[in-house]
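Trainee:
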Amino acid sequence: MTKVHVQRGPIPPTASVKFSTLSLVYTTGYVVNLVLMPFKAYLSEPFPWNLQPLSSDLLPSNGSYEAFANATYSYLSAKYNNSTNAASVVFSRDTDTNTYMLRNTIKLPEQGDDRCMQYMPLFPGAIFYSYGVTSFVCDFLARNASGRLESTLFYCQEDILANTKFGVSCTWAELSNDAASASTYEIYHAVQIVESVVLSWAKFGLRAVHSCYIVFLIWNLYYRHYEPLVHNLRTIGLDDKSCRYIVQLGDPTWLILSHPFVSAIMVIDNYICLGYGSAAINRTSQGTDVGEFCLGCLYGSRTVWAAYAAMRYTTPIIKCMQWEQNFQPVDPGLLALLAIFYAGPVMYVVTRTPIICIFQWLDAVAVPPAQRNQLLEGDPGVVVFFLMMAMVPFVTSFLAQLMLRHCKQCKRFDKRRQSILTYTSLRFNDWKHRVLFYWQRRHVCVNYIGGTLYLLYDENPRYQKLPLFSSRGSDCFVTCWDDVGVAKSRVRLSLIQALDCQLNCASLAIPLCHSHHDVLAVGKRLHLGANNCQWIQ
């Protein structure tokens, strides 16, 4: 019996696809930075296996204030004094006992002075003084030189958060060893952070789980989408003339920072670690020890998560009110730098000016009047500080949008042509990516393709899914090379996760089209690539 066989046609050659070596290096840095975010707290916090149990004298709060104050002062002053610390030391931290000390040398008028608020910013840790410590400082200043030596030279307080003790502190004065006069003092402010070993281990475990969850998100939200892209480039390609593709990996940072669960957990982490946040502020209140100042800046910059959370959780309001046109997407890296600036130089200025009186009032407003001399309640101050940080991206975004509108009004050009040239460029990126991509400018291509997502944003800002977050960093760039080694084109690809298709608005809707047709469709349609590829030109 005659048989008929179907002859197979020639298998089309597959293109070569490689990832840029440099992009592999810095994408590793992106991933490591994101995964270790929860553990950056240990720049200032002790690891749980290094933490020692607290002294029993510092734990009870139901005894007399005198007993508590005497025990706390004896413990801290024995550890930090003129004999145990060199004259050059202004900040000292003992991670084993979870204590730290801030010290200033102050020359006071010998006859006393009633201008308490003029001298208050000179005292170490003054931003965290209870009313009792404030009264102690004012009384100490008002006395003459001999009267100061006859008075009590210390005052202690308990620091609580949500009615839970997170620290005890004492402020005291010692005559300076190198004083030229009898009115020069070493003023100490020492703090015992109250944290049990059990709580420390619990935080470490939760941070480990959080870190693993971030690993999952990095893969699921970003890197897994490269698999169909690479497959399509090999088997289908972007044009008929290219035989080799170099893929420049993007940065998944904004996808993680904008995740509602990640940002919420990090804000809670910041809240329950107020004791260490206070230590960071005390570190940045002095400028003598630059190393400690930098550590304070880095730990204090963790409050940037209040900004990320505010950006994420206000997005539904902005979308509902259709306010997208009033805001410009904020570079997350720039926001992190601003957080370091606020945690460092700005807090240094605050702690050196009478502004500290506002925070002293905030720390006392939630304390019952009968206990305001011995207690400090950190909740109001934390809320205000978080709100201050949360306002930064909104102010930055709003001002950036005003500047952009002004620039567009001042320049006359073909808007669409200029936009295409701008949006396909490597320079249209967040600041750190512009630096990393700088070397690629030497590759001159004939065609620059892509940036459709940003043309849509330019046409109507409501197409932005998260209008406050800059998504440019996650874009990847594909350079197309022909068989003679000439770069023919460079294509910018963006993830559709950054696009709001506006399916609830008939005039703006961009529906998903599942059919393939040779003619142009009327209106906007979204066509996914082969193998459910999530990248768009």
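Residue 1477 is where the sequence shown starts when you use our numbering, and the numbers rise one by one after that.
C-beta: ideal position from N, C-alpha, C; glycine also.
Predicted model, so just to flag it, every value in this text is computed and none were measured.
Would you mind reading off the limits of the alpha helix (DSSP H) that contains Gln1836?
Mentor: The residue labelled residue 1836 in the question sits at position 360 within the sequence shown. Segment 1832-1841, the alpha helix (DSSP H) holding Gln1836.
Trainee: In chain order, what residues of the same chain have a beta carbon less than 6 Å from the beta carbon of Met1596, not counting five sequence neighbours either side?
Mentor: Taking the sequence shown and counting its residues from 1, one reaches residue 1596 at position 120. Here the set comprises Ala1602.
Trainee: Contact between the stretch 1783-1802 and the stretch 1865-1872: three or more CB pairs below 8 Å?
Mentor: yes
Trainee: Using 8 Å as the limit for Cβ to Cβ distance, is Glu1703 near chain D?
Mentor: Absent here is chain D; the protein component of the structure consists of one chain.
Trainee: Could you give the residue range of the beta strand (DSSP E) that holds Arg1759?
Mentor: Against the sequence shown, residue 1759 aligns to sequence position 283. Going by DSSP, Arg1759 is part of no beta strand (DSSP E) but of the alpha helix (DSSP H) stretching over 1750-1760.
Trainee: Would you check if the stretch 1605-1623 and the stretch 1695-1714 touch, i.e. whether three or more CB-CB distances between them fall below 8 Å?
Mentor: Taking 8 Å as the limit for Cβ pairs, the verdict is that the stretch 1605-1623 does not touch the stretch 1695-1714.
Trainee: Is it true that the CB of Tyr1775 sits closer than 8 Å to the CB of Tyr1752?
Mentor: The sequence position of residue 1752 within the sequence shown is 276, counting from 1. The sequence position of residue 1775 within the sequence shown is 299, counting from 1. Their beta carbons are under 8 Å apart, which means Tyr1752 touches Tyr1775 by this criterion.
Trainee: According to DSSP, is Thr1490 helix, strand or coil?
Mentor: Position 14 of the sequence shown holds residue 1490. Thr1490 falls in the coil class under three-state DSSP.
Trainee: Taking three-plus beta-carbon pairs below 8 Å as touching, is the stretch 1760-1776 in contact with the stretch 1814-1822?
Mentor: yes
Trainee: So, is Arg1893 buried or exposed, given that buried needs 16 or more other C-beta atoms within 10 angstroms?
Mentor: Position 417 of the sequence shown, counting from 1, holds the residue named residue 1893. Interpretation of Arg1893 is limited by its pLDDT of 47, a score under 50 that renders its predicted location unreliable; the figure taken from the coordinates is listed afterwards. Label assigned to Arg1893: exposed.
Trainee: Under 8 Å: do the stretch 1716-1730 and the stretch 1943-1962 share three or more Cβ pairs, one atom per stretch?
Mentor: yes
Trainee: What are the complete alpha helix (DSSP H) segments, minimum 4 residues, inside the stretch 1615-1702?
Mentor: 1621-1626, 1673-1697
Trainee: Just checking my contact of Trp1730 with Gly1999 at CB under 8 Å: how many whole Å lie between their CB atoms?
Mentor: Counting from 1 along the sequence shown, the entry for residue 1730 is found at position 254. Counting from 1 along the sequence shown, the entry for residue 1999 is found at position 523. Actually they are not in contact, since the Cβ atoms of Trp1730 and Gly1999 sit about 29 Å apart, beyond 8 Å.
Trainee: I think Phe1630 touches Cys1646, with their Cβ atoms under 8 Å apart; what is that distance to the nearest whole Å?
Mentor: Taking the first residue of the sequence shown as 1, we reach residue 1630 at position 154. Taking the first residue of the sequence shown as 1, we reach residue 1646 at position 170. At roughly 6 Å, the Cβ-Cβ gap stays under 8 Å, so Phe1630 and Cys1646 are in contact.
Trainee: Expressed to the nearest angstrom, what Euclidean distance is found between the alpha-carbon atoms of Val1674 and Arg1579?
Mentor: Residue mapping note: residue 1674 aligns to position 198 of the sequence shown, counting from 1. Residue mapping note: residue 1579 aligns to position 103 of the sequence shown, counting from 1. In a straight line, the C-alpha of Val1674 is about 31 Å away from that of Arg1579.
Trainee: Quick one: what's got a C-beta closer than 7 Å to Leu1750's C-beta in the same chain, skipping five residues either side?
Mentor: Here residue 1750 corresponds to residue number 274 of the sequence shown, with the count starting at 1. Here the set comprises Leu1637, Phe1642, Gly1854, Val1858.
Trainee: Find the nearest neighbour of Asp1976 within the set Pro1792, Ala1517, Asp1635, Ser1499, judged by alpha-carbon distance.
Mentor: To locate residue 1976, count along the sequence shown from 1; it is residue 500. Comparing Cα-Cα distances from Asp1976 to each of Pro1792, Ala1517, Asp1635, Ser1499, the minimum goes to Pro1792.
Trainee: Give the range of the alpha helix (DSSP H) segment to which Ser1499 is assigned.
Mentor: Here residue 1499 refers to the residue found at position 23 of the sequence shown. Element bounds for Ser1499: 1497-1511.
Trainee: Answer with buried or exposed for Cys1688, where buried requires no fewer than 16 other C-beta atoms within 10 angstroms of its C-beta.
Mentor: Translated into the one-based positions of the sequence shown, residue 1688 becomes position 212. Flag for Cys1688 reads exposed.
Trainee: By Cβ distance below 8 Å, which residues in the same chain neighbour Asp1570 in space, the five residues on each side in sequence not counted?
Mentor: Locating residue 1570 in the sequence shown gives position 94, counting from the first residue. Same-chain partners within the cutoff: Lys1555, Tyr1576.
Trainee: Hey, Leu1969 and Ile1694 are a contact pair by Cβ (cut 8 Å); roughly how many whole angstroms apart?
Mentor: Along the sequence shown, read from residue 1 onward, the residue named residue 1969 stands at position 493. Along the sequence shown, read from residue 1 onward, the residue named residue 1694 stands at position 218. With a Cβ gap of about 18 Å, Leu1969 and Ile1694 do not count as contacting.
Trainee: Mapping DSSP to helix, strand and coil, what is Trp1907?
Mentor: Against the sequence shown, residue 1907 aligns to sequence position 431. Reduced to three states, the DSSP call for Trp1907 is helix.
Trainee: Give the range of the alpha helix (DSSP H) segment to which Asp1934 is assigned.
Mentor: For this step, residue 1934 is matched to residue 458 along the sequence shown. Per DSSP, Asp1934 belongs to the alpha helix (DSSP H) from 1928-1935.
Trainee: Between which two residues does the beta strand (DSSP E) carrying Glu1853 extend?
Mentor: Here the question's residue 1853 lines up with position 377 in the sequence shown. Its beta strand (DSSP E) spans residues 1851-1853.
Trainee: Could you check where the alpha helix (DSSP H) with Val1826 kicks off and where it finishes?
Mentor: Locating residue 1826 in the sequence shown gives position 350, where the first residue counts as 1. Counting along the chain, the alpha helix (DSSP H) containing Val1826 begins and ends at 1823-1827.
Trainee: Closest by CA to Leu1711, which one among Asn2007, Ile2012, Pro1943?
Mentor: Here residue 1711 corresponds to residue number 235 of the sequence shown, with the count starting at 1. Correcting the residue identity first, residue 1711 is Thr in this sequence and not Leu. Among Asn2007, Ile2012, Pro1943, the Cα nearest to that of Thr1711 is on Asn2007.
Trainee: Within 10 angstroms of its Cβ, does Gly1927 collect 16 or more other Cβ (buried), or is it exposed?
Mentor: If you number the sequence shown from 1, residue 1927 lands on position 451. Around the beta carbon of Gly1927, 16 or more other beta carbons sit within 10 angstroms, so the residue counts as buried.
Trainee: Are the Cβ atoms of Val1806 and Ser1873 separated by less than 8 Å?
Mentor: In the sequence shown, counting from the first residue as 1, residue 1806 sits at position 330. In the sequence shown, counting from the first residue as 1, residue 1873 sits at position 397. A Cβ-Cβ contact shorter than 8 Å links Val1806 with Ser1873.
Trainee: Could you check the C-alpha separation between Cys2013 and Lys1494 for me, to the nearest Å?
Mentor: Along the sequence shown, one-based indexing puts residue 2013 at 537. Along the sequence shown, one-based indexing puts residue 1494 at 18. According to the sequence shown, residue 2013 is Gln rather than Cys. Going by the C-alpha atoms only, they are around 19 Å apart.
Trainee: Would you kindly check if the distance between the Cβ of Pro1728 and the Cβ of Phe1945 is under 8 Å?
Mentor: Locating residue 1945 in the sequence shown gives position 469, where the first residue counts as 1. Locating residue 1728 in the sequence shown gives position 252, where the first residue counts as 1. It is not a contact, given that the beta carbons lie outside the stated cut-off.
Trainee: Compute the Euclidean distance between the alpha carbons of Pro1464 and Val1670, then round it to the nearest angstrom.
Mentor: Not covered by the structure: residue 1464. The range shown for the chain is 1477 to 2013.
Trainee: Looking at the unbroken alpha helix (DSSP H) that takes in Ser1553, where does it start and where does it end?
Mentor: As a first step, residue 1553 is located in the sequence shown; it is residue number 77 there, counting from the start. Per DSSP, Ser1553 belongs to the alpha helix (DSSP H) from 1541-1555.
Trainee: Considering only the alpha carbon of each residue, which of Val1507, Gln1804, Val1780 lies closest to Gln1877?
Mentor: Sequence index remark: in the sequence shown, residue 1877 carries index 401 (1-based). Nearest C-alpha to Gln1877: Gln1804.
Trainee: Can you name, in chain order, every residue of its own chain whose Cβ lies under 7 Å from the Cβ of Leu1851, other than the five neighbours on each side?
Mentor: Numbered from 1 along the sequence shown, position 375 holds the residue referred to as residue 1851. Here the set comprises Ser1606, Gln1633, Glu1634, Ile1636, Val1843.
Trainee: Please classify Ile1834 as buried or exposed, where buried requires at least 16 other C-beta atoms within 10 Å of its C-beta.
Mentor: Translated into the one-based positions of the sequence shown, residue 1834 becomes position 358. So Ile1834 ends up on the exposed side.
Trainee: What residues in its chain sit with their C-beta under 7 Å from that of Asn1526, if we drop five residues either side in the sequence?
Mentor: Translated into the one-based positions of the sequence shown, residue 1526 becomes position 50. Around Asn1526: Thr1571, Asp1572.
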